[in-house]
Amino acid sequence: MKIPNVIGTFCHSLSTLTVVLVLFFCCWISVDAAQQPNILVILADDLGYSDLGCYGGEIPTPNIDALAAGGARLTQFYTSARCCPSRASLMTGLYPTQAGIGDFVSHKPNKKRGPGYLGRLSDHCVTLAEVLKPAGYGCYYVGKWHMHTTTGPIVRGFDEFYGYTKDHSHDQYDA
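Each residue of the sequence shown is one higher than the last, beginning at -18 in our numbering.
See the structure below:
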């Protein structure tokens, strides 16, 4: 009887979730020096590093591969085992506890745990949109925010938002 490698499978699944796909593509549409590069950030829950063709995956992902071929591919990064701290890190450039989301989002933060566990984005951190918008970028957010309902994308500098601010949606019709 073969015993499954539960720990290895768990670690692979955990890394699949934590690696999350932090693809940060800077796609240059034209060579015009005056034009700013387009920036597309894709964050997908439960997607492993090598699940995409451009990173050696077996399943064809031609559109993402084309973006990767014409842009910047990030290969060194930090993620959390939970998706909301990873989102906070990606949106702010900070470690999750520096951004205020050390583990889960919460409507009643545990003050004993300190400011790293506010359960929402901290007021002192700045998001990508808050940095890029003054530089002339249009900033749009589509999908799951999951960094607290009161600190949603519009509040944190995005021009438009189409999605949901809670941690999940049962039918995905919201997004």
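Ideal Cβ positions, reconstructed from N, Cα and C, are used throughout, including at glycine.
Supposed contact pair residue j and residue i - C-beta distance, whole angstroms, cut 8 angstroms
i      : j      : result
Glu111 : Gly138 : 4 angstroms
Gly95  : Gly81  : Contact flag wrong, Cβ pair sits at about 10 angstroms.
Gly117 : Gln17  : 7 angstroms
Residue i versus the options, residue with shortest Cα-Cα distance
i      : options                    : result
Tyr143 : Ile40, His105, Val123      : Val123
Ala25  : Leu33, Pro18, Asn19        : Leu33
Cys64  : Gln17, Gly29, Ile40, Asn19 : Gly29
Thr132 : Ala116, Ser87, Asn91       : Ser87
Val22  : Leu48, Thr42, Lys89, Gly37 : Leu48
Neighbourhood of residue i by C-beta distance below 8 angstroms, restricted to the same chain and skipping five residues each side
i      : result
Val136 : none
Pro43  : Gly34
Same chain, Cβ closer than 7 angstroms to residue i, five either side skipped, listed in chain order
i      : result
Lys114 : Cys120, Gly138
Thr108 : Met72, Thr73, Arg137, Gly138
Phe85  : Arg63, Cys65, Gly100
Ser103 : Ala80, Gly81, Pro96
Ser31  : Gly37, Gly38
Asn91  : Tyr98
Sequence-distant residues of its chain with Cβ nearer than 6 angstroms to residue i (five each side left out)
i      : result
Ser61  : Ser67, Pro77
Glu141 : Tyr121
Thr146 : Trp126, Thr130, Gly133
Asp46  : Gly34, Cys35
Span of the beta strand (DSSP E) around residue i
i      : result
Ile23  : 19 to 23
Phe142 : 141 to 145
Gly124 : 121 to 125
Residue range of the unbroken alpha helix (DSSP H) whose run includes residue i
i      : result
Glu111 : 109 to 113
Ser87  : First-last for Ser87: undefined, no H or E at that position.
Arg68  : 64 to 73
Leu102 : Leu102 -> no alpha helix (DSSP H), and no H or E assigned at all.
Cβ-heavy atom distance, residue i to the ligand GTP, below 6 angstroms
i      : result
Asp104 : Ligands are entirely absent from the displayed structure, and the ligand GTP is therefore not among its contents.
With a threshold of 8 angstroms, are at least 3 pairs of Cβ atoms found where one atom belongs to the region 75 to 94 and the other to the region 36 to 56? no
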